[in-house]
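Following: one structure in structure tokens, then a few remarks.
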Amino acid sequence: MTMKKALFAVGIMVALAACNSGGDSSTYSTSTTTSDTTKAAATQPTTAQPTASDTVGMSGKSMMGLMQANMEQMKAMPPTGNPDNDFAGLMKIHHMGAIEMAQLELAQGTDSEIKAMAQKMLDAQQGEVAQFNNFLSGHQAHGGGDAFYKKVMGQMNSMKMDMDHSGSVDKQFVQMMIPHHQGAIDMAKAYQETGAHEAQLKTMAGKITTDQQREIQALQGWLAKH
């Protein structure tokens, strides 16, 4: 009788151990599955479509405000003493101002012709900003004077910005982009006249002059009809 009781007790202990082992395995499996699912979800790209407000948070911005902020950012850039680096740095900032104004036009404008022009400007100047970044990251300033920098600062101080504040976003964009483009042209010419050394940047300066002169003509043509 004693032996039967002992065997019965051993049997119960084995059964309990098996149940506990099965419970632990189930808990670990569920935890692992949940963790793996979370990781997999985290690596999936978001599918939400961008809205107009995603365009660099353009809500509450104005064309004049963006233009003035851009000029202040350029004035705040200290000279490097090298015209190549100064040109790349200043034109990069200048382009970023145009990009923001184009984004505001795309977010709030209504004229299809001007929005198409804004998109074209945005694409072109984003590409050129990347080129300026690449140049600046690999080019150490090594002297050459500050004649270019001083000339650009003088040009900005004499820039006139006339805008009809009661006009549409499209009209404000055109009225601000014309002097902004002219500023880029003046800067590119100043660079070519006052110590340009880098072939890549000289080519970019020439292209900027040609492209933005053409765009000014298109903007002026639109403005004459509106």
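Take 11 as the starting number for the sequence shown in our numbering and just add one per residue.
Backbone N, C-alpha and C define an ideal beta-carbon position, used for all residues, glycine too.
For Q129 and M187, the rounded distance between their alpha carbons: Roughly 13 Å separates the two Cα atoms.
Alpha-carbon spacing of Q182 relative to G148, whole angstroms: If I take the Cα positions, the gap works out to 38 Å.
Cβ-based neighbour list, K235, same chain, cut-off 7 Å, excluding 5 preceding and 5 following: Correct list: empty, nothing qualifies.
8 Å Cβ cutoff, A209 in contact with chain B: Absent here is chain B; the protein component of the structure consists of one chain.
C-beta atoms of D103 and D180 nearer than 8 Å: The sequence given here has Ile at residue 103, not Asp. No, they are not a contact pair.
Integer Cβ distance of M8 from P189, believed to fall under 8 Å: Residue 8 lies beyond the stretch modelled for the chain, which goes from 11 to 236, so this question has no answer here.
Minimum length 4: unbroken alpha helix (DSSP H) runs contained in the segment 161-227: Listed in chain order, the complete alpha helix (DSSP H) runs (minimum 4 residues) inside the segment 161-227 are 179-203.
Proximal residues to M106 (C-beta, below 6 Å), its chain only, five neighbours per side dropped: Its chain contains no residue whose beta carbon lies nearer than 6 Å to that of M106 once the 5 sequence neighbours on both sides are disregarded.
Separation of M73 from G155, as counted between CA atoms: Distance from the CA atom of G155 to the CA atom of M73, rounded to whole angstroms, is 34 Å.
Nearest-angstrom Cβ-Cβ length linking M127 and A228, presumed shorter than 8 Å: M127 to A228, Cβ: 7 Å. Contact.
Complete alpha helix (DSSP H) runs within the segment 79-160 (minimum length 4 residues, chain order): The segment 79-160 is shown to contain whole alpha helix (DSSP H) runs of 4 or more residues at 93-118, 122-148, in chain order.
8 Å contact criterion, which F142 and G205 should meet: CB distance rounded: That belief does not hold up - the Cβ atoms of F142 and G205 are roughly 17 Å apart, past 8 Å.
Per-residue DSSP class, three states only, for G70: DSSP places G70 in coil when its eight states are reduced to three.
Cut-off 6 Å between Cβ atoms - residues of its own chain near D196, not counting five sequence neighbours on either side: Within the same chain, D196 has close Cβ partners Q165.
Sequence-distant residues of the same chain with beta carbon closer than 7 Å to Q210, five excluded per side: Taking C-beta separations shorter than 7 Å and ignoring five residues to either side along the sequence, the partners of Q210 in its chain run F145, following chain order.
Inter-residue Cα distance where the pair is V66 and L114: Because V66 carries a pLDDT of 46, less than 50, the predicted location of this residue cannot be relied on, and the following value inherits that uncertainty. Cα to Cα, the separation comes out at about 8 Å.
Cβ neighbour criterion (16 or more within 10 Å) applied to Y38: Confidence in Y38 is poor, its pLDDT being 33 and thus under 50, which makes the residue's placement too unreliable to answer from.
Candidates L76, I109, T90: closest to H152 by CA position: Of the candidates L76, I109, T90, the residue whose Cα lies closest to the Cα of H152 is T90.
Cα-Cα separation between A200 and T120, rounded to whole angstroms: In this structure, the straight-line span from the alpha carbon of A200 to that of T120 is close to 36 Å.
Of the residues S176, G216, M81, G231, the one placed nearest A108, counting alpha carbons only: Measuring C-alpha to C-alpha distances from A108 to each of S176, G216, M81, G231 identifies M81 as the nearest.
Rounded distance between the beta-carbons of K212 and Q202, thought under 8 Å: About 6 Å separates the beta carbons of Q202 and K212, which is inside the 8 Å limit, making them a contact pair.
Rounded straight-line distance, which links the Cα of H191 to that of T56: Reliability fails at T56, whose pLDDT of 32 lies under 50, so the model's placement of it is uncertain and no value is given.
Distance between A194 and A134 (C-alpha atoms, nearest Å): Cα-Cα distance, rounded: 14 Å.
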